[in-house]
Structures are given as structure tokens and as C-alpha cells.
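Comments concern the structure below.
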Amino acid sequence: MTVVTDADAGPAAEIDRAISEFQKKKDEWMQLPISKKIALLEAVRDRLARKMVALGRAGAEVKGGADEASIVGEMLTSVALPAVYIHKLLHTLRSIQATGKPPALPCRTTSSGQKAVQVFPLTLYDRCSLLQPGVTVELVLQPGEETVRQGEMYDKEGKITGQQGCICVVLGAGNHGFLALKDVLVCLFERGQVVALKPHPLMAAWQREADQVLAPLVEAGYVRSLHLPSPQLTRRLLHHPGVGAVHMTGGTATHDAIVWGPTPEEQRRRRRDNDPLLKVPVTSELGCVTPWLLAPARFTPAQLAAQARVLVLAATSNAGCNCNSAKVLVLPGDWEQAGEFLQEVRQVLRTTPQEPPYYPGIRERYEAFKAAYPKSEVIEAPARPTSRPMGPPLPFLLNVLDELPADPKTEYAFNVEPFAPVLTVVRLPTRGAPHFLSAATRFANECLWGSLSCSLVLHPQLEREHPMEVQKALDQLRYGVVAVNSWSAMSFTVGPCTWGAFAGGQSLAEVGSGLGLVSNPYLVEEVQKALYRAPLQGPAVPQPPHLQPIPLGVARGLLGFVVGGVAGAVRALWRVG
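Per full-length UniProt numbering, the sequence shown starts with residue 1, numbered consecutively.
Okay, here's the thing in C-alpha cells:
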């Protein structure tokens, strides 16, 4: 039972009012003509451009950033990533409006016999991308899926059929505001649900700016943010009899406390009896000990440098508080350039500004990792300016294991997601590229916790010499996003690359990295995983922001273009504030 105190009485009544109003709107949303859905989505997209600087400043303030680079970084994630997703979603909705179905997608059969659907590049705009030249994205379907099915919940008139109206509670992420904003759109347009958003307390200020972006949907009654001041009120919302589904981004411990109960004893009992505390369907994205696999080849100095920079970006971005942060670098034991590569990584780390340690519990997790591996290298770097006291920054921990642990399945670094600036390096006792590809795939699948995303570095020459072994590794890696030659976070930048744990083997009781997927604007059914491929070096391979700084004015124009083309860039540059 949830106990509501006098202080909570007002918010509790707000919850009841919100759910009551949603009850009147959930069926209306399903039957809303697609032209009106498109108009609402276009209005949200346009507001992204108007609020870009406010979102950037709010995001930087949440994370303690005080310099222009922090604001620009938050602008890019807060605006560009939702905008590219919205563009793809609008493409689908307009196709349904014009033809009665989503846009057709090219398809091939992989060596495993599964269907792989190309979602990028698809349009002329995709093929002319200046930021992602050479990038391709495929969605791999579940085994046994012989045809590509898309958007089955939409009828030819764009109305949602075959399901009942539903109120979904979205529990927002604490590390990036844009994730909750996108989750709201996913639930509306991919799942046909109206949304009660419970922002993470850390993101409350950012979400108040984002609520103005979502205002067209809020004013129409299909979305509402509930800033609840206590866990008791959140439980009241989750267990409200009018709520029909929950989607969350967070940690496994939080998921299990919500679904199975707050204590280990209750969780064990409920799992044993298959009696979850939360009775509605729950989808989730819950993190991963993310592997970075580097297959052996002879790399040029420029190629090594490019891959060192993107690895450092993946390991240090947001102080390591990303669900896809690189956490375990897996190298071949016989690779002659391993020492050279690690020296390059160390050099980039020494020049990469240390982010403010803003995320709750980061120091405790960092110290626990340091205690588990007291021989870890402590790599100091300049500290980024902070807007408020947060204590000293955390130097990067590089934990180079002398040898593969005797029982890797129980190794601390392979099972605990630190959510802090740390990276473990392990060498596998392999000989040659084919052996490494096979062993690294098996190691990642069987010894590292989670299945959200991974990266695999492949030299073009290696692919030419061992095409079958490379394809087998790509087929067999059990991760929701397999990124080749880049960080899996870059998959967000193209729009139609799905995100979520590998679809296979999880259950509510053993949830792993989560259940379900998001960011599927082409509405492809039965996706198992996504394959994001980039060249080994070049513009599509990112690097730490301090190596390619973007002035605020340039960022405004760039984001204006991303949202609204040339006209959008002009408006953004002329807009004040």
C-alpha cells in the first residue's frame, strides 16, 4: 500500500486528475487522423529549434558545466538527436498518409539466414549526409521472419487499430534529458499510447524546458509531465489502476525494485511465485558492461589515432555515465600494435577534460572499482570548469589486466557497470584474426554482463581477407546494437537505428539490459538487433569535443539546419536567446 502524507496530498490529487483526463484521451489519440498527428509532430520539431539554447543551458547546469563547450554539447544531444528521429517518423507518417503504408525498405538475407533491413541511407537526404558519409544501418529481424512487416498497428487511414487505448508511464533517464523526450514520442507514435512522463529528479529543470517543446502534445491532452517530489508518489502513479504500461530507463536494481518489490526477500518470493508487484507490461533499457572489440590488423598511425580518439570519447563522455560507455577493451594477445594503441589512448586521455562528477553515486562506484583493482592507472587531465561545487573531478582509471582471469564470468569488471570514468583492458590468448573474432564474440556474449550494445573495430583489409569470419561475428554478437568502427551512441545520430537490448533470452524475472526497443521510426516489426557500420576513419568517426570544438553561433546554425534545413539555419542564427 502507498501511504500519502499531507505534503503529498496535492501531487496525489494531480496524479488522479491526470489519469482521469488521459482516460478520455487514450482512445481519441488512436482515432486521431494522421494529418493531425503529423501536424502535432511538426509543431514539436519546430519548437526544438526555438528552445535549443535554453535546453543546452539547462542540460549543462544539471551536469555542472560552466563553459560554452558544455552548453554546446548539451544543445547537440538535446536537439539534434530528437530532431533526426522526428524527421524519420514524419517520413513514415507521410508515407502512410499518401500510400496507406510505411516506406518500403531494402532487404537482404544474412549468412545466418536472417533478414536484414536497410534503414540508412534510405532517402536522398541520407545519402547526402555530410556528418555520416559511408555509414549504413541495418535492422536484423528475428530468426524465422521471412517478410518485412511494418507499422501493423496503423490502418490505411493512419488510425491505430488492433489494440485498446493505453496510458503509459514513462520513467525518464537521469543522465540525458533527450532520452525521455524521445521515449514520449516512441510511446505515442510507435506504440499508440498516451504518456504520463515522470522525469528523473536530476533532470527536472531540463524537463521544464522540454515541456515547452512538447507543448502541442500537452495542450492537446496526450502528454503530461508529473514532477513528483517523493518515491511514494511515483509508486502511486505506477500502481494507479488507470495505468496500462510502463517504460523506464535506468538500472537493473531500480527495475527489480519496481517490478518485484523493494527488498531482496520479496523479490525472491515474487519471482518464485511468478507474481510481479507491478502487474502491467514493462519495457526497459537498463545498461550494459559495454565491450569494445579490436580485431588484429596492421593499422596506419592515422587509423590508430582515429580509433583511440573515438574509444576515449566513448569511455569519457558524460563522465562515463552512459549506458553505452566503453567499459571493457578486448585486444588480441598476439597483436603487435597493442602497446602503441594503448599509448595513443593514454595520450588522448591526458588531454581530455575531466567532466564534473555530477551523477548520484558516481564517487562510490568509482572508489569501489578502484578498490577492486588497486593497480589501475590513474590518468590525470585538466578539469572542465564547473558552475557549482561538486568536489574534485575523478581522474580516469585504466585497468589493464595482466592476463585473462581464470573465471571471467565472475570477474568484477565484467559484471558490474561502474557508471564512472573507468575502462578495463583484457587481452585474449588468440592467434590470428579468425581465432580472435570467434573468441572475442564468445567472450563478449558469455562473460560480460548485458546485451545493449558493443563496438567491433574491423580493418578493411581484414574484412577482405576473412569475409566469412567477419560476417559470422557480426551475425553472432548478441547485442541490441553492434557498431562497427565507431561508438554505438553514434547510432542515435542517424534517426532510424533501433535502441534496446538484444531481443532474445530475457524475461521480466531475468531482465538483463532490458525488454523492448525504442527509436524505430520506420515501425519495423520483430527486430532482433541493429548493425551500425562506419568507415575506419573520417568524418563519420567522432572524437572528443575538445579536439573539434564548435562555437555557440556555429552550433545554432547547424542545429537550425538539422531541424529545418536552410531556412531553419537562417532562423536559428537570427533568433535571440
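Quick reminder that beta carbons are idealized off the backbone N, C-alpha and C, glycines included.
Here the structure is a predicted model, which is why all the values come from computation and not from measurement.
Pair within 8 Å by beta-carbon distance, residue i and residue j
i      : j      : result
Leu89  : Val119 : no
Phe178 : Leu41  : no
Ala49  : Gly495 : no
Gln303 : Leu536 : yes
Pro421 : Leu437 : no
Pro143 : Leu523 : no
Val312 : Pro551 : no
Cys107 : Val53  : no
Leu342 : Val425 : yes
Leu404 : Leu428 : yes
Gly64  : Ser78  : no
Ala245 : Gln193 : yes
Leu141 : Gln528 : yes
Val481 : Ser491 : yes
Alpha carbon of residue i to alpha carbon of residue j, nearest angstrom
i      : j      : result
Val3   : Leu401 : With a pLDDT of 41 at Val3, under the threshold of 50, the predicted position of this residue should be treated as unreliable, though the coordinate-derived value follows. Approximately 49 Å between the Cα atoms of the pair.
Leu515 : Trp574 : 44 Å
Gly560 : Ala433 : 44 Å
Tyr412 : Arg191 : 38 Å
Thr5   : Val243 : Model confidence at Thr5 stands at a pLDDT of 48, short of 50, so the residue's coordinates are unreliable and nothing is read from them.
Ala383 : His91  : 43 Å
Met1   : Lys279 : Residue placement at Met1 is poorly supported in this model, since its pLDDT is 38, which falls under 50; the coordinates are not used for a value here.
Arg556 : Pro539 : 20 Å
Pro393 : Ile379 : 12 Å
Leu233 : His239 : 10 Å
Leu36  : Glu28  : The question names Leu, yet the displayed sequence has Lys at residue 36. Distance between the alpha carbons of Lys36 and Glu28 is about 12 Å.
Val72  : Gly134 : 26 Å
Tyr154 : Asp126 : 25 Å
Leu448 : Asp16  : 43 Å
Glu145 : Gln114 : 7 Å
Gly500 : Phe419 : 18 Å
Thr441 : Val117 : 23 Å
Gly151 : Val84  : 19 Å
Leu237 : Gln471 : 46 Å
Thr352 : Ala69  : 13 Å
Asn324 : Leu452 : 7 Å
Cys321 : Pro216 : 32 Å
Gly59  : Glu285 : 21 Å
Proximity winner among the options, relative to residue i (alpha-carbon distances)
i      : options                        : result
Ala297 : Arg270, Ala338, Ile258         : Ala338
Pro293 : Glu146, Ala305, Leu329, Cys166 : The sequence shown places Leu at residue 293, rather than the Pro named in the question. Ranking the options by Cα distance to Leu293, first place goes to Leu329.
Val541 : Val457, Pro496, Ile550         : Val457
Glu209 : Glu61, Arg533, Leu462, Leu130  : Glu61
Val184 : His176, Ala196, Gly174         : Ala196
Pro231 : Gly251, Val218, Lys198, Ala220 : Lys198
Gly165 : Leu342, Ala173, Lys24, Asp155  : Lys24
Glu417 : Glu364, Lys36, Gly261          : Glu364
Pro121 : Val137, Cys107, Glu465, Gln212 : Val137
Gly565 : Asp46, Ala12, Ser20            : Asp46
Ser486 : Ala440, Ser455, Glu469, Glu463 : Ser455
Trp335 : Val213, Gln461, Thr410, Arg431 : Arg431
Ala12  : Pro229, Ala98, Asp67, Thr252   : Pro229
Limits of the unbroken alpha helix (DSSP H) element including residue i
i      : result
Thr234 : 231-238
Lys182 : 177-185
Glu364 : 362-372
Pro460 : 460-465
Ser95  : 81-99
Gln347 : 338-351
Leu313 : 301-316
Arg271 : 264-273
Glu147 : Sequence inspection shows Thr at residue 147; the Glu mentioned does not correspond to that position. Here Thr147 belongs to no alpha helix (DSSP H), and DSSP marks it neither H nor E.
Presumed contact (8 Å Cβ cut-off) between residue i and residue j, rounded CB distance
i      : j      : result
Pro356 : Thr386 : 5 Å
Cys187 : His247 : 6 Å
Gly505 : Gly450 : Rounded, the Cβ-Cβ distance is 12 Å, inconsistent with contact.
Ile160 : Met30  : 4 Å
Ala308 : Val348 : 5 Å
Ile167 : Ile34  : 21 Å between Cβ atoms; not a contact.
Ala473 : Cys497 : Not a contact, Cβ separation roughly 19 Å.
Tyr359 : Ala314 : Contact doesn't hold; Cβ gap of about 17 Å is too wide.
Arg270 : Pro262 : Between Pro262 and Arg270 the Cβ distance is about 11 Å, and since that is not below 8 Å, they are no contact.
Residue span of the beta strand (DSSP E) that contains residue i, given as start and end
i      : result
His247 : 245-249
Leu456 : 453-457
Leu141 : 136-141
Ala116 : 115-120
Val169 : 166-171
Phe527 : Note that residue 527 corresponds to Val in the displayed sequence, not to Phe. Taken as a continuous stretch (DSSP letters only), the beta strand (DSSP E) holding Val527 covers 527-533.
Glu355 : Counting along the chain, Glu355 falls outside any beta strand (DSSP E), and DSSP gives it neither H nor E.
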